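Here the structure comes first, spelled out in structure tokens, and everything after it is commentary.
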Amino acid sequence: MKQKKWILPVIVLLAAILLPVVFHIGLSNMSILISVLLYMYWASSWNIMGGYTGLFSLGNGIYIGLGAYLTGCLFVYANLTPYAGMLVAALLTGVFSIIIGYPTFRLQSIFYSLATFALLGMMKIIFTNFQTIFGVNVGGSNGFKFSPGNDPLNMQFSSKMPYYYIVLGMLVAVLLVSHWITRSKRGFYFRAISANEGAAASLGVSVLSLKMQAQFISAFFSAMGGGFYCMFISYVDPSKMFGVELSINVMIMCVVGGANTLWGPVIGAGLIYTINRIVTMYAPSSLNGLATLISGLILMICVFFLPGGLIPFLADEREKRAMSRRKATLQKQSGGGGGIHE
Amino acid sequence: MSEHSGEAILSGKGVTKRFGGLVAVNHVDIHLNKHEILGLIGPNGAGKTTLFNMLSGTMPMSEGELRYHGKVIPKPRSNELCKMGIGRTYQICQPFSNLTVLENVMVGAYIRHGKTSEARDAAYQVLKRVGLEQAAHSGGSALTLPQLKRMEVARALATEPDVLLLDEVIAGLNPTEVERIMELIREIRAGGMSIIIIEHVMRAMMNLSDRIVVINQGTKIAEGLPAEIASNPLVIESYLGGGKH
Ligand SMILES: Nc1ncnc2c1ncn2[C@@H]1O[C@H](COP(=O)(O)OP(=O)(O)O)[C@@H](O)[C@H]1O
Ligand SMILES: [Mg+2]
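Just so you know, the sequences run in chain order C and L.
The numbers in the first sequence follow numbering that gives the first Met the number 0, run straight up by one, and end at 341.
The numbers in the second sequence follow numbering that gives the first Met the number 0, run straight up by one, and end at 244.
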């Protein structure tokens, strides 16, 4: 039973590894694949606080953006290789996330959401209006740019394929960590806090400390993704990083797929990204924002018809079918008189 | 039962809670002796739950002092009191709806068993003890009221407390269920725990408690053996005769 659960993910992973080797994938399609994986990664990072712990952040762009700027600046100004720079950036961003999260942790969750959303707006204002921050030139509204080169030791590749494998590895890492969390004490505490803080505290859970941990882990991974993104496109655009669209999209992807599940953010990101892509391809360019509108509509449909998202819905259906099968066999065996305890 | 507080395991002195202008609990002195079952009774809105909230650190006191094993707890917090050995249930059941029954109880068990496999075993043992093992894998929100109440008790028990505060775990159950849960409470005490129990069902309380404290409108109006309480005119007037049954 236990092994069976692993078969499908392993097959999917093998397929993902072999995909660019077996097929020749063009440059633009490769970019699309990398973007999808990155969104899956970001949605999974959001899930650790937004899904499991109930810290419903509307501003994960804060951490993505900070990770991107820090990694880029460390690379350009301090010659730090992005492999280390991403880690440093993620650690710093994690600490920052606790500092800004701390005052809001004691508030009701709606205020936490609003606070993260407000802070996202502030970050955007700061990074678009200041050319230099703490004496570092971050480019102001033009964004932070550097010229791409070919230097594998600094995560600079002439082909896109290495980026594909890096982000795939990062996705696998965040999924493994999420999986490990959900099965550990910490993960049960996260979910207990999400359901009922007071009851959790009465059972010995240190609510504040665990919220900080969830926030740190989630911001850490989000920032790593930001750092990767910066190295991938050699550019950080403050209005994209700290814009509403990115943060909301990451949240929607996770919620539509199924927050609080391992595969929800992966499925959700794949679905929403594909739909957004199709809409932007075929919609007249005068209608920009249509993609966001449509993902918003999908979110509403999900909230109405599939509370919990796609994954729990599918799991429920399967459970129901299995249940009725089990019942049928039991009834056959006991001649319909089974005293099953309901 | 001796009443001097020298051997009290948990005690509150001058415990007071104000909600704005309302004094929900007014300078109540209360103590729980080792291995005792203390009944806490009083009409609806008397302040029983609020008193529990302060004894368990769920709510800060406006005034008063809490002692555990004779030592003053300067700033009682529920998670810390739980670690020290005070467990509680909620009158309005608070299941973690995103977890199964077993997992709900595991959240309690983790405080003594850090490893998931050990916490799961411990939680399962507790479920067996309260007769809920059949529902172990149902969702926390899919239970009937009696099952929910037993899960509340199971979660608190899983924290392996020395003191257990039970807030109306009998209310709303049918006579068979009441009998079962009373049996369970006696067993728990026999296992060495000290218990304060809030209940409306008078007969159950008279039967179960070693000692009873009565509060009315936030004030303690009587304290004594069940027989004394049953014949106390003040209690009869304010509680038994006050339209409450
Ligand atoms: N959080 C609160 N805020 C304001 N008033 C409260 C709160 N909790 C309880 N009260 C009030 O305090 C009084 C005592 O309530 P409670 O302790 O629940 O009584 P009991 O458990 O004895 O029925 C009631 O008048 C109730 O309305
Ligand atoms: Mg009450």
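Note that CB positions come from ideal geometry on N, CA and C, so glycine has one too.
The structure displayed is predicted, hence computed values, not measured ones.
Query	Result
Residues, ordered as in the chain, of the segment 192-211 of chain C that lie near chain L by beta-carbon distance below 8 angstroms	Ser193, Ala194, Asn195, Gly197, Ala198, Ala199, Ala200, Ser201, Leu202, Gly203, Val204, Ser205 and Val206
Interface residues of the segment 160-184 of chain C facing chain L [CB-CB below 8 angstroms]	Arg182, Ser183 and Lys184
Residue-level contact to chain B via CB, Lys127 of chain L, 7 angstroms cutoff	Going by chain labels, chain B is absent from the structure shown, which instead holds the protein chains C and L.
Opening and closing residue of the alpha helix (DSSP H) in which Ile247 of chain C lies	Val243 to Gly256
C-beta atoms of Glu35 of chain L and Asp166 of chain L nearer than 7 angstroms	no
Exposed unless 16 or more other CB atoms sit within 10 angstroms - verdict on Glu347 of chain C	The structure shown does not extend to residue 347 of chain C, since chain C spans only 0 to 341, so no value can be given for it.
Segment contact, 8 angstroms Cβ cut-off, at least three pairs: the segment 295-313 of chain C with the segment 261-271 of chain C	yes
Ile235 of chain L to Cys301 of chain C span [Cα, whole Å]	56 angstroms
Neighbourhood of Ala282 of chain C by C-beta distance below 8 angstroms, restricted to the same chain and skipping five residues each side	Leu289 and Ala290
Residue-level contact to chain L via CB, Phe187 of chain C, 7 angstroms cutoff	yes
Straight-line gap, Gly86 of chain L to Ser140 of chain L (C-alpha atoms, nearest Å)	22 angstroms
Top-ranked residue by Cα proximity to Ile97 of chain C, from C:Val265, C:Ser217 and C:Phe304	C:Ser217
Presumed contact (8 angstroms Cβ cut-off) between Val22 of chain L and Gly171 of chain L, rounded CB distance	About 29 angstroms separates the two Cβ atoms, so there is no contact after all.
Length-filtered (4 minimum) alpha helix (DSSP H) runs lying within the segment 95-156 of chain C	108-128
In DSSP terms, what Asp166 of chain L is bridged to	L:Ile197
Partners in chain C for Leu98 of chain L, counting only beta-carbon separations shorter than 8 angstroms	Phe187, Arg190, Ala191 and Ala194
C-beta atoms of Pro225 of chain L and Ile211 of chain L nearer than 7 angstroms	yes
Thr115 of chain L versus Thr181 of chain C: straight-line alpha-carbon distance, rounded	11 angstroms
C-beta neighbour in chain C for Gly107 of chain L, strict 7 angstroms	yes
In chain order, each alpha helix (DSSP H) run of at least 4 residues that lies wholly inside the segment 98-171 of chain L	100-108, 115-128 and 144-157
Cross-chain neighbours of Glu198 of chain L in chain C, by beta carbon under 8 angstroms	Going along chain C, no residue has its Cβ under 8 angstroms from Glu198 of chain L, so there is no contact; the nearest lies around 19 angstroms.
Beta-carbon proximity list for Leu101 of chain L, same chain, < 8 angstroms, skipping 5 on both sides	Arg119, Ala122, Tyr123, Leu126, Ala135 and His136
Ligand 2 site residues, beta-carbon cut 7 angstroms against heavy atoms	L:Lys47, L:Thr48, L:Gln90, L:Asp166, L:Glu167 and L:Ile197
Residues that Asn259 of chain C contacts on chain L, provided the C-beta gap is smaller than 8 angstroms	Asn97
Segments assigned alpha helix (DSSP H), at least 4 residues, entirely inside the segment 3-59 of chain L	47-54
Backbone CA spacing between Gly11 of chain L and Ser201 of chain C [nearest angstrom]	18 angstroms
Paired residues, beta bridge with Ile72 of chain L - DSSP	L:Leu65
Ala157 of chain L versus Ala108 of chain L: straight-line alpha-carbon distance, rounded	5 angstroms
Beta-bridge pairing of Gly86 of chain L - partner residues as DSSP gives them	L:Leu163
C-alpha gap between Tyr40 of chain C and Ile247 of chain C, whole angstroms	15 angstroms
Neighbour list for Glu102 of chain L in chain C, Cβ cutoff strictly below 7 angstroms	Phe187
Residues sharing a beta bridge with Asn215 of chain L, DSSP	L:Thr218
Cβ neighbours of Cys72 of chain C in the same chain (closer than 6 angstroms, five flanking residues each side left out)	Val135
Neighbourhood of Asn275 of chain C by C-beta distance below 7 angstroms, restricted to the same chain and skipping five residues each side	Ala290 and Ser294
Residue-chain proximity (Cys92 of chain L, chain C), Cβ-Cβ < 7 angstroms	no
Heavy atom of ligand 1 within 6 angstroms of Ala45 of chain L beta-carbon	yes
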